[in-house]
Amino acid sequence: MRIWAHRGCSLRYPENTLSAFRAAAEIPGLAGIETDVQMAKDGELIVLHDEKVDRTTNGTGWVKDFTLSEIQALSVDVKDGGAPEHIPTLEEVLDVLAPYMKNGLKLNIELKNSKVQYPGMEARAIATVGSYGVLRQTVWSSFYAKSLSIVRSFLPDAEIGILDIKASDCLYKMKGGCGADVIHPYAKAMDVTAAEVSGLTVRGWLTEKLYPAEKTEEALDLEALEKSGVTDVFMNEPERFL
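Take our numbering: the final residue in the sequence shown is number 245, and no numbers are missing along the way.
Okay, structure coming up:
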């Protein structure tokens, strides 16, 4: 079972922040780090999971309505008087992670465009990652099949994962020609047999507790997930298993 850090070490640190990514990158044996990319009003790429800033910052509103300078003026909630955090750009994240990626760490970029359309985001993200020389270490994923088709048109050899809740829905989208070659279902929604996904990379995501939760989740049964066909797990507390 390969372990990935979901939004960085997102139980110990605020999700999708530079501190969460730095901590994850230092974990021995980690397969990769997952993150989310959206586009600000002025076309700059920022790293944030939600389409709105309300849950994780002191601001309110849609990402698409903020310029980069406006969105980076917001503060990410940090408990116990910790050092202030901000919503990073994709470049800031790659500044931290690219050296690790060149030594084997992978980065999964989820293109967050299934609810809000960001025209041109795929090309911008590919160009940014390419400028760091780490395209081969990057996995592209999205719930939005059309976005993945665009990525495939730019990057014929890219590793591309289709997201959905059920494994069967991921397979349906993949067979529909979205350009994906791996699937990313909810780890506990493997509604297909292991034989049906045999030989396929299946990266399961989880809905664990996030920072600033005080307690960890119950221990995962990784053996059971593996028997169901899951090959990789995106988790918020990867350091617990590595």
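By construction, the Cβ of each residue, glycine as well, lies at the ideal position given by its N, Cα and C atoms.
| DSSP beta-bridge partners of I90 | In the DSSP output, where bridge partners are listed per residue, I90 has none listed.
| task | Could you please give me the residues that DSSP links to K5 through a beta bridge? | result | In the sequence on display, residue 5 carries Arg and not Lys. Beta-bridge pairing links R5 to D235.
Measure the CB-CB distance between N3 and D39 and report whether it falls below 8 Å. The structure shown has nothing for residue 3, since the chain only spans 4 to 245.
Check your understanding: Taking the continuous beta strand (DSSP E) assigned at E162, which residues delimit it?
Key -> From DSSP, the beta strand (DSSP E) with E162 extends over 162 to 166.
Buried or exposed: which applies to S231, given that a residue is buried once 16 or more other Cβ atoms fall within 10 Å of its Cβ? Classified as buried, S231 has 16 or more neighbouring CB atoms from the shown chains inside 10 Å of its CB.
Considering only C-alpha positions, which residue in the set T131, V205, A128, F157 is nearest to L166? When each option's Cα is compared against that of L166, the closest is V205.
Would you call the CB atoms of N111 and G35 closer than 8 Å?
-> Remark: C-beta atoms of N111 and G35 approach each other more closely than 8 Å.
Which residues in the same chain have their Cβ closer than 8 Å to the Cβ of K218, if we skip the five residues on either side of it in sequence?
Once the five neighbours on either side are set aside, the close Cβ partners of K218 are K212.
Pair every Cβ in the segment 195 to 202 with every Cβ in the segment 142 to 151, then say whether three or more of these pairs are closer than 8 Å.
-> Flag = no, the segment 195 to 202 and the segment 142 to 151 do not touch.
#### Entry: V79, DSSP secondary structure in three states
In the structure shown, V79 falls within a strand segment according to DSSP collapsed to helix, strand and coil.
Exercise for review: Determine the direct distance from the alpha carbon of R58 to that of L245, and round the result to whole angstroms.
Suggested key: Using only the alpha carbons, I get a separation of about 29 Å.
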